[in-house]
Amino acid sequence: MSVGSLNFDVDQLSPNEIPQCRTNHFTTLGRIFVAELLGTGALCFVSTLYPLSVNSTVPPPIVVAMTFVWITWVFGPISGAQINPSVTIMLFFTRRLSAIHMIIYLVAQFLGAPLGTLTAILLTPENTKTGVTMSMTKRGLGITVGQAIGLETIATGMLVMTVMSLCDEFRDEQWTRGNVTLFPINFGPIMGLFATVLGPLTGASMNPARSFGPALVNNDFTDIWIYFVGPLTGALLGTLLFEMVLTNGASIPRLRAWFTSRDFDRLRNYKIEAQFK
1 MSVGSLNFDV DQLSPNEIPQ CRTNHFTTLG RIFVAELLGT GALCFVSTLY
51 PLSVNSTVPP PIVVAMTFVW ITWVFGPISG AQINPSVTIM LFFTRRLSAI
101 HMIIYLVAQF LGAPLGTLTA ILLTPENTKT GVTMSMTKRG LGITVGQAIG
151 LETIATGMLV MTVMSLCDEF RDEQWTRGNV TLFPINFGPI MGLFATVLGP
201 LTGASMNPAR SFGPALVNND FTDIWIYFVG PLTGALLGTL LFEMVLTNGA
251 SIPRLRAWFT SRDFDRLRNY KIEAQFK
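One point on numbering: in our numbering, the residue at position 169 of the sequence shown is 169, and numbering is uninterrupted.
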């Protein structure tokens with residue numbers, strides 16, 4: 001299956017197609033579920049363990065970048081390695097995912113995050129946990145609620161526009177995920193950049209599942225709503241900006257079809273067709 005220019009699977013189930021009662025469809029959905037569960041779990045597993053490595057000399061942004069490179073390389077061809085509800089909902093909103101696909105992704109992500117966190121905690125000696133928040137995303141010292149929401153909104157908007165550009169049907173292949181082997185190498189450093197800038201300020205979540213998992217395991221939901229409102233708002237704004245302005249296919253006819261037509265086709269150039277009417 002494919003999202004944008006990247007083929008994810010050999011099965012004949014498009015991500016925006018409603019699955020049928022067929023063995024290959026169930027197999028595809030099952031593989032997607034497992035990939036997203038493990039990918040999101042791996043993200044939270046590493047995020048929980050790394051702060052306990054007191055003698056590590058590797059900067060956290062490098063760890064974040066390497067983690068995303070591994071996750072996207074292993075799970076990208078299976079599910080796209082979305083591992084983020086903000087990205088998944090954006091892909092549904094832009095008609096790239098069916099509702100059933102979206103639910104599969106979201107359930108896997110919100111299950112994988114606490115499982116990854118819990119696994120890391122269970123495998124960690126008790127004497128290393130003192131004074132550690134165990135992977136929770138928290139506001140930095142002096143950062144207000146409004147500032148945290150604003151930072152998470154802007155960062156997630158930038159993240160989503162990165163994903164949108166990689167999926168853009170109207171870009172040349174070298175500028176999209178058509179060159180799949182470069183995708184993890186490109187995406188990892190971008191996440192490392194966000195971790196560098198936002199880490200001390202908000203914890204650099206940009207991901208409701210990433211914040212929810214550790215909060216659930218630690219039974220501490222302080223300010224958790226910030227990490228839902230900010231990322232989801234940023235995802236919406238980033239999507240609208242890209243779809244309405246930045247993509248080369250942006251046009252009023254395309255926008256109208258996006259919101260009103262059941263047969264909306266992302267590969268169709270509505271702008272050119274309108275010029276010949």
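In this text, a Cβ means the ideal position worked out from N, Cα and C, and glycines have one as well. The structure presented is a predicted model; accordingly, all values stated were derived computationally and were not measured.
Assuming contact is defined by CB atoms lying nearer than 8 angstroms, are residue i and residue j in contact in what I supplied?
i              : j              : result
proline 114    : glycine 213    : yes
serine 105     : glutamine 82   : The sequence given here has tyrosine at residue 105, not serine. For tyrosine 105 and glutamine 82, yes; Cβs fall inside 8 angstroms.
isoleucine 143 : leucine 201    : yes
glycine 116    : threonine 40   : yes
valine 34      : valine 87      : no
proline 189    : alanine 65     : yes
leucine 193    : leucine 151    : no
proline 184    : serine 205     : no
isoleucine 78  : isoleucine 121 : no
For residue i, which residues in the same chain have their Cβ closer than 8 angstroms to its Cβ, ignoring the five residues on either side in sequence?
i              : result
tryptophan 258 : Thr94, Arg95, Glu243 and Phe264
methionine 323 : Outside the modelled stretch of the chain, which goes from 1 to 277, sits residue 323, for which no answer is possible.
threonine 260  : none
valine 107     : Phe33
Which same chain residues, not among the five before or five after residue i, have their C-beta less than 7 angstroms away from its C-beta?
i                 : result
leucine 111       : Leu37
methionine 136    : Pro214, Ala215, Asn218 and Asp220
phenylalanine 187 : Phe68 and Thr72
serine 211        : Thr137, Ser205, Ile224 and Tyr227
leucine 118       : Val217
leucine 141       : none
phenylalanine 174 : Correcting the residue identity first, residue 174 is glutamine in this sequence and not phenylalanine. Nothing listed; no residue qualifies.
asparagine 269    : Gly249
valine 229        : Ile149
methionine 191    : Val64, Ala65 and Phe68
For residue i, count neighbouring C-beta atoms within 10 Å of its own C-beta (all shown protein chains included) and say buried if the count is 16 or more, exposed if not.
i                : result
arginine 262     : exposed
isoleucine 100   : exposed
phenylalanine 68 : buried
glutamine 109    : buried
isoleucine 71    : buried
phenylalanine 26 : exposed
valine 58        : exposed
glycine 63       : Note that residue 63 is valine in the sequence shown here, rather than glycine. Result: buried.
arginine 254     : buried
Starting from the C-beta of residue i, find all residues in its chain whose C-beta is less than 6 angstroms away, skip the five residues before and the five after it, and write them out in chain order.
i             : result
threonine 233 : Thr153
glycine 238   : Gly157, Val160 and Met161
valine 3      : At valine 3, the pLDDT of 48 sits below 50, so the modelled position is not reliable; the number obtained from the coordinates is stated separately. Once the five neighbours on either side are set aside, the close Cβ partners of valine 3 are Pro15, Gly80, Arg96 and Cys167.
alanine 148   : Arg139, Thr202 and Ile226
asparagine 84 : Asn207
threonine 196 : Pro61
alanine 235   : Ser86, Met90, Thr156 and Val160
arginine 266  : Glu169
serine 75     : Correcting the residue identity first, residue 75 is phenylalanine in this sequence and not serine. Closer than 6 angstroms at the Cβ level, and outside the excluded window around phenylalanine 75, lie Ala35, Gly39 and Ala81.
alanine 209   : Thr40, Pro85, Gln109, Phe110 and Ala113
Check: How about the stretch 157–172 and the stretch 243–253: do they share at least three Cβ pairs that are nearer than 8 angstroms?
Finding: As far as the Cβ criterion goes, the stretch 157–172 touches the stretch 243–253, which means the pair count is three or higher.
Notebook entry, point to check: Would you call the stretch 35–50 and the stretch 150–160 in contact, with 3 or more CB pairs under 8 angstroms?
Noted result: Because the criterion of three Cβ pairs below 8 angstroms is not met, the stretch 35–50 and the stretch 150–160 do not touch.
Item checked: Ranges of the alpha helix (DSSP H) found wholly within the stretch 77–134, counting only runs of at least 4 -> 85–93 and 99–122
Next item on the list: Could I get the ranges of all uninterrupted alpha helix (DSSP H) runs contained in the stretch 176–247, with 4 residues as the minimum, in chain order?
Entry: 183–202, 208–218 and 226–241
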